[in-house]
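Reviewing the structure listed below.
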Amino acid sequence: MKGYFITGTDTGVGKTYVTAGLLRTLADAGHNALAIKPVQTGCVEKDGELIAEDVAEYARLNASHFPNGYPDTCCRKFIPACSPHLAAEKAGDYLDLDQLTREIRTKGKNHDLIIVEGAGGVAVPLTDTHTILDLMHRLFLPVIIVADNKLGMINHTLMTIETVRNRGLNVAGVVVVNTSPPSENDAALRTDNVTTIAHHGDVTILANIPFFADQKERDEQLISLLTKALNKLSAVPASTGDDLAFDQNHLWHPYTSATNPLTAVKVRSARGTRIVLDDGTELIDGMASWWCAIHGYGHPELERAMHSQIGRMSHVMFGGLTHDPAVELGRRLVKMTPQGLDHVFLADSGSVSVEVAIKMAMQYMQASGQPSRTRLLTVRGGYHGDTCGAMSVCDPDGGMHHLFADLLPKQLFAPRPQCRFNEPFDPDSLKEITHMLERHSHEVAAIIIEPIVQGAGGMYFYHPEYLRELRNLADTHNILLILDEIATGFGRTGKLFACDWANIVPDIMCVGKALSGGTMTLAATLATNTVARTISADGGVLMHGPTFMGNPLACAVSNASLDLLERSDWQGQVSAIEVWLDEAFSSIRDLPGVADVRTLGAIGVVEMTAPVNVPRLQEFFIENGVWLRPFGKLIYVMPPYIISREEIARIGTVVVQAINQNLHK
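Using full-length UniProt numbering, the letters of the sequence shown correspond one by one to residues 1 to 665.
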């Protein structure tokens, strides 16, 4: 969908007049154009129908193209002359942003260009939670701002320009309308208004429409100036296929070939639970951007936190300096995590936080006089990241890192826990790891494991009692327990942290992914006083220090994300998602080729009997409005916590269809 969104610095600045004139100008230039008014307030009732009075502007200016009058293209009409949300409320109605967006796209489907005219300014409310700006963002059209040339115009216009750009939208230009006759006293002011806006707003003045008392003369000037403006509007960049070609030939995506990569689709924007592709296609995001965007995309509180922090500083080195966002985040993490994890190392990615945890364990053993304890014990089926130390404790055979076996430290691997989360606990599942510790504890510094849920290693859920017994084994053999909560932390499994299912406290914990709500890369490694003080005894220092450690921007948005999580009913949301996933996947269990279906918290997994065809599945999911990223034998869902029952149901329906059509093969 191509075209423009017309907004104003206020109501009564001439938006409808400019929209009607632009429609005429585009039609004169041979375009099959359509003007759409999403919401019209202040309508009158005539013969049982609501009539938008300002449609007369369209009819007059477009009489040659529409001799029978311009067609009524208002999506919603209300009698009260007030803000759309209030007008709808007075009419006993409610405006739905998704529905309104669909209506606009449906109306504009068979037209070359559409012109969408907003109501008032960008901050005018549409619903209790959305404004005109949210609608603009959904449509993602270049924005033309209409401003009335009068005192105060500079402030209102520059603020509108900044607000629109801060939402990632392109300002195509400003149309200045002189709605009142100039006086001797304000002639210089009006000229300066236009010059100042162009300079300080770094924006194109598309037209400066003078005031004429004679309507016909005024209309002629409008059309003349807008016709000239079309040349400026044509300079608005349009997306081409060149971007995807460059991407395919030059950009290396995760776990893909450089010469024969998986197909990538171009994303234009994201909001709430939706990813919007470059062609306007909306996808329900079932992945939460690899499990981190728990609040959905573009949450206003997170965006405000980032904007506010950018105004202070985006980054400053953490060596020898500190700042409020880092101190506050440290306080929050110490308070939120299991009691006793009192020391916080702010890393810049999940893999780095695991590296730090491993180095903590090694330095702890060195500092405590046990230098021979240099190995790690873990279980098969795990995944901890793609850096060297982290790779060394990922599954050595079925994982992604067997190519680097000769490079990595040789760690100890026990069998994957054979005690499923929702089945009675079998003590025999601990037999092998117990024997391994009896034989090797003299050389083991720590046990490292993903608590309850093994993530990228296979989405396997194991029994809390197994984790509880690992804590006991670690204590028995005087070794450390490291829990990798990067994927499971902050509510994903139904508990704030997965280790809460076993009611244990690790010696070291890694968190990341959801920490910043899917906005900035940030992770943290937390340790007990015992670990920290032992490492630091006799002047010892922890030997790690990333350049972007404690990044103020990432810390600020993480504080906002954690605050949002604490104030929300995240437990209720995650519990509901588990029920909805059970419902959506209930018919999948008996389908051919399905080995297992399992759900826990906001995680739903369909395990097939053989590796799935990722390209075929991904193409089908996109065609059906869903974003999932299968891997190995798994088709899985880990959505934002704000996802709806209907959206989960839609995901389930599409997965069932894909399996029934054998697209996984």
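C-beta atoms are modelled at their ideal positions from N, C-alpha and C, and glycine is treated no differently. If you're wondering where the values come from, they're calculated on a predicted model, not measured in any experiment.
Between Pro325 and Val379, the gap from beta carbon to beta carbon reaches 9 Å or more. Between Val557 and Met306, the CB-CB gap stays under 9 Å. Counting only runs of at least 4 residues, the stretch 216-269 fully encloses the following alpha helix (DSSP H) elements, listed from N- to C-terminal order: 242-250. Between the stretch 614-630 and the stretch 469-485, the count of Cβ pairs shorter than 8 Å is below three; the stretches do not touch. C-alpha of Arg589 to C-alpha of Leu97: approximately 36 Å in a straight line. Close CB contacts of Tyr94 within its chain, under the 8 Å cut and outside five residues either way in sequence, are with Ala88 and Thr127 (chain order). Annotation: Leu591 to Ala554 spans about 44 Å, alpha carbon to alpha carbon. By a beta-carbon distance limit of 8 Å, Ile449 does not contact Leu403. Their separation comes to about 24 Å. A straight line joining the alpha-carbon of Glu607 with that of Leu139 spans about 37 Å. Taken in chain order, the complete alpha helix (DSSP H) segments of 4 residues or longer contained in the stretch 424-463 are 431-440. Note on Lys216: under 16 other CB atoms within 10 angstroms of its CB, so exposed under the neighbour-count rule. Between Leu467 and Ala502, the gap from beta carbon to beta carbon is short of 9 Å.
Scanning Thr547, Val655, Leu663 and Glu647 for the CA closest to the CA of Gly320 turns up Thr547. The DSSP-derived three-state label of Asp202 is coil. C-alpha of Arg167 to C-alpha of Val143: approximately 11 Å in a straight line. Using a Cβ distance threshold of 9 Å, Gly517 and His315 do not count as a contacting pair. In the DSSP assignment, the residues bridged to Gln40 are Lys77. With a threshold of 16 other beta carbon atoms within 10 Å, Ala405 falls short and is exposed. Counting only residues of its own chain and dropping the five nearest sequence neighbours on each side, Glu469 has a CB closer than 6 Å to the CB of Leu430. Assignment of beta-bridge partners to Asp484 by DSSP yields Cys510.
Judged by their CB atoms, Val637 and Ile648 are nearer to each other than the 9 Å cut-off.
Per DSSP, reduced to three states, the secondary structure at Thr387 is coil, with no helix or strand assignment. One thing to note: Ile79 has its Cβ no nearer than 9 Å to the Cβ of Leu100. Put simply, the stretch 183-197 does not touch the stretch 33-41. Fewer than three CB pairs are less than 8 Å apart. With respect to the 9 Å criterion, Trp627 and Ala487 are not classified as neighbours on the basis of their beta carbons.
Around the beta carbon of Gly382, a 10 Å sphere encloses 16 or more other beta carbons of the protein chains shown; the residue is thus reported as buried. A distance below 7 Å between beta-carbons, with the five flanking residues on each side excluded, links Val574 to the following residues of its chain, in chain order: Gly491, Gly494, Gly601, Ala602 and Tyr641. A distance below 6 Å between beta-carbons, with the five flanking residues on each side excluded, links Leu22 to the following residues of its chain, in chain order: Ile115 and Leu226.
Annotation for Arg598: the continuous beta strand (DSSP E) segment containing it runs Val594 to Leu600. Annotated three-state conformation of Lys46 is strand, per DSSP.
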